[in-house]
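Report on one structure; see the data block that follows.
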Amino acid sequence: MEEKKFDLNSIIGFVLIFGILLWIMYQQQPTEEEIAAQKQAEAEQVEAEKKAKTIENGQTKQTTAEDYTNFSAMDSTQRAGLQSKYGAFAYAMSLPSANKEFTEVSTEVLDLKFSTKGGFLSEVKLRDFVRFDSIPIYMVKDGNTEFNVKLPTTDSRTMNTSTLPFEPTVTQNGGNTVVSMKLKVAADKYLEYRYELKPNDYMIDFSIKSQGMDGIIDGSQTIDLDWAMTQLRHDKSVSYENRYTRLTYRHEDGKIDKLSQMGNDDEIIEEVDWISYRQHFFSSILKTDTPFPSATITSEDLVEDEAVDTLYTKRYTTKLALDVKGGELAQNMNLYYGPTDAKILKNYDDELVESIPFGWGIFGWINKAIFIPLFNFLSGMLPYGIAIIVMTILVKIVLSFVQYKQFLSQAKMKILKPELDAIRTKYKDNKLKAQQETMALQSKAGASPLSGCLPGLMQIPVFYALFMFFPTAFALRQKSFLWADDLSSYDVIAELPFSIPFYGDHVSLFPILAAVAIFFYMKMTTGQQMANQPTQEGMPDMAKMMKYMIYFSPLLMLFFFNNYASGLSLYYFVSNLISIGIMLVIKNFIIDENKVLAKIEDNKKKPKKQNRFQKKMAEMMEQAEQQKKVQQNRRK
1 MEEKKFDLNS IIGFVLIFGI LLWIMYQQQP TEEEIAAQKQ AEAEQVEAEK
51 KAKTIENGQT KQTTAEDYTN FSAMDSTQRA GLQSKYGAFA YAMSLPSANK
101 EFTEVSTEVL DLKFSTKGGF LSEVKLRDFV RFDSIPIYMV KDGNTEFNVK
151 LPTTDSRTMN TSTLPFEPTV TQNGGNTVVS MKLKVAADKY LEYRYELKPN
201 DYMIDFSIKS QGMDGIIDGS QTIDLDWAMT QLRHDKSVSY ENRYTRLTYR
251 HEDGKIDKLS QMGNDDEIIE EVDWISYRQH FFSSILKTDT PFPSATITSE
301 DLVEDEAVDT LYTKRYTTKL ALDVKGGELA QNMNLYYGPT DAKILKNYDD
351 ELVESIPFGW GIFGWINKAI FIPLFNFLSG MLPYGIAIIV MTILVKIVLS
401 FVQYKQFLSQ AKMKILKPEL DAIRTKYKDN KLKAQQETMA LQSKAGASPL
451 SGCLPGLMQI PVFYALFMFF PTAFALRQKS FLWADDLSSY DVIAELPFSI
501 PFYGDHVSLF PILAAVAIFF YMKMTTGQQM ANQPTQEGMP DMAKMMKYMI
551 YFSPLLMLFF FNNYASGLSL YYFVSNLISI GIMLVIKNFI IDENKVLAKI
601 EDNKKKPKKQ NRFQKKMAEM MEQAEQQKKV QQNRRK
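According to the UniProt record's numbering, the sequence shown holds residues 1 to 636 in order.
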């Protein structure tokens, strides 16, 4: 092993090298004069950079609030930069509040975040509700809302409030929370957004007012309020949610209209009372005490492919004209962020509840007068799924007389079938005469195909009213029943690894049950109707078409309702089961064909007085018969 020795020469070499390095560093150290000159150069460079921000190519550029904190302490160049860009509003840019981002306020039902920039709500959270995936419901979030007042000024500018800083203050007013956002041009001159929040209330009192702005705002020009919102998705199916997402408005002394449900649409309207941005089960509504003179509204459909467009449904924009009186703005309004729930909206004036799509005309009246109160009563005592079943039973009991009329008509036609076939055989070469004799026989017997059709038509208003009721019933939202976890959305018993056009990527059980029930109901009713029809030419084709309908209707139900509210499918399933039961009871225990036959024979013996329509039809047939005879004689 080699013995280690102390190497003195190496130590001396390292010391010399270290000393030389220290000497070099000492020689390169700047003198005091050089240090002073360097500091001066750096100061001049900073000053040059500041001037470069405000002056470029001879034009004054914007200087942001972050550059300055005190307008009076700025030098002439700095003040000129702000005033050139903002005019009288340069004062607002210099306030300390210009650097504050948000002011947060909460009530029992709302969490609100007010943006200092623009003075409007930058976040609205509903505290009592969550999305389909348990994430809290946000009406406003991540810049999906724009709110701006375009202010024409007397120095020929147009200022956008959405880009300017507002000074926030929060106070209490008799239990209410007041948030004041002021855009100041001086200590006592400002444009104010005032929000007053009430406990347990989704409606916010909102006003836009100005003070001391008559010499700044140019009242001779139109002042526009722009309100835009991109609707955030909340439901499990974005396409289903989009179907019930719609812009609704009231204008011209109470007229309530809507933009197109699908696709893009726009409209220019006058005397506007309120605008509702409905997102299926939640709405953002702007209403006013004094109608807006005019408004331009648009709706843009953002859902083209459900697999891709999963964040938003529609984008709405509104441009409203504000009134200026005495050179000042003063517009009292309200903002509603909350559920599209009839129970809540009916508490407010101006018919806000009409923003819910109950259906038009008589269909909407049936929902508002009957089904909504009835369901609210039942669901107050029973689980929601059971309440649907009980309501279905009550509806079917009320409409059972309709089914009775239908089956009574079928029984009469069944009894008359041999006689009707005999008439068609006797007059097989004279269809007009056969039709005339058929009508005469049916009239004497008190049996007519129309008597079976008309009662069926009475069910259409009820059918359509319930079709509109279930998808918009807020009470059903996220309420479970059996395997369905949300009666306001589709139920899922199996997920598919692919998507079937018009059907979806899942299998819902309630539509399958409803389709099976409809199949058996149509099999019983349609088969009976076809058996009772008199034999005539063309009937085989008609029978074939009716046979196809027996299979086509359930299939259509299966595809169409796979993405609809499971509460609606539950209703149709139970409804058709009850209809089958009622039909069997009427057929086997209520209608006695022997009694019906005896009554028909009695009706035949009685003189039958024709009504005006029947007389007219008989005259027309008689004239047609005479014309046919004349034509036959001429040919001979």
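Note that the Cβ used here is the ideal one computed from N, Cα and C, for glycine as well.
Closest in C-alpha terms to I366, from the list R278, D226 and F467, comes F467.
Contact between the region 310-326 and the region 292-301 is present: three or more C-beta pairs spanning the two stretches fall below 8 angstroms. With contact defined as three or more Cβ pairs closer than 8 angstroms, the region 325-339 and the region 267-287 are in contact. Note on geometry: alpha-carbon atoms of I269 and H251 lie some 7 angstroms from one another.
Secondary structure of S115 (DSSP, three-state): strand.
Restricting attention to A465, V516 and F559, the CA atom closest to the CA of Y490 is found in F559. If you draw a straight line from the Cα of M583 to the Cα of M557, it is about 21 angstroms long.
A distance of 8 angstroms or more separates the beta carbons of I388 and L197. Look at F166 here: in three-state DSSP terms it is coil, with no helix or strand label.
Under the DSSP definition of a beta bridge, Y277 partners with L247 and S284.
The straight-line gap separating the alpha-carbon atoms of N347 and I500 is approximately 43 angstroms. Under a 10 Å Cβ-count criterion, D421 is classified as exposed, with fewer than 16 other Cβ atoms of the shown protein chains found around its own Cβ.
With 16 or more other Cβ atoms inside 10 Å of its own Cβ, N563 counts as buried.
Between Y464 and F363, the gap from beta carbon to beta carbon is short of 8 angstroms. When R131, I518 and D273 are compared, the shortest CA-CA separation from D253 is found for D273.
Residue state for R424 is assigned as helix, using DSSP reduced to three classes.
Cα atoms of K396 and I580: separation of roughly 11 angstroms, rounded to the nearest angstrom. In the DSSP secondary-structure assignment, Y190 is bridged to K184 and Q211.
Taken atom to atom, the span from the alpha-carbon of Y240 to that of L247 is near 16 angstroms. When the five nearest sequence neighbours on each side are left out, the beta carbons in the same chain lying within less than 8 angstroms of the beta carbon of I512 are those of L558, in order along the chain. The alpha-carbon of A434 is positioned some 12 angstroms away from that of E419. Sequence-distant partners of M139 (beyond 5 residues in either direction) whose C-beta falls short of 7 angstroms from its own C-beta, in its chain, are V124, L126, F282, S284 and Y337.
DSSP, read as helix, strand or coil, puts P136 in strand. Between G118 and F147, the alpha-carbon positions lie close to 8 angstroms from each other. Distance between T298 and D218, taken at the CA atoms: about 28 angstroms. The alpha-carbon of I372 is positioned some 31 angstroms away from that of F206.
Using a Cβ distance threshold of 8 angstroms, I386 and H234 do not count as a contacting pair. The residues W483, D491 and I493, in chain order, have a CB closer than 7 angstroms to that of L509 in the same chain once the five nearest residues on each side in sequence are set aside. For P152, the enclosing beta strand (DSSP E) stretches over residues T145 to P152.
Between L95 and K184, the CB-CB gap stays under 8 angstroms.
For K343, the enclosing alpha helix (DSSP H) covers residues A342 to L345. For I269, DSSP records a beta bridge to A295. For S122, the uninterrupted beta strand (DSSP E) segment begins and ends at L121 to V130.
If you draw a straight line from the Cα of A515 to the Cα of T230, it is about 37 angstroms long. For S355, the number of other beta carbons within 10 angstroms of its own is at least 16, and it is reported as buried. In summary, I223 is buried, with 16 or more beta-carbon neighbours lying within 10 Å of its beta-carbon over all protein chains present.
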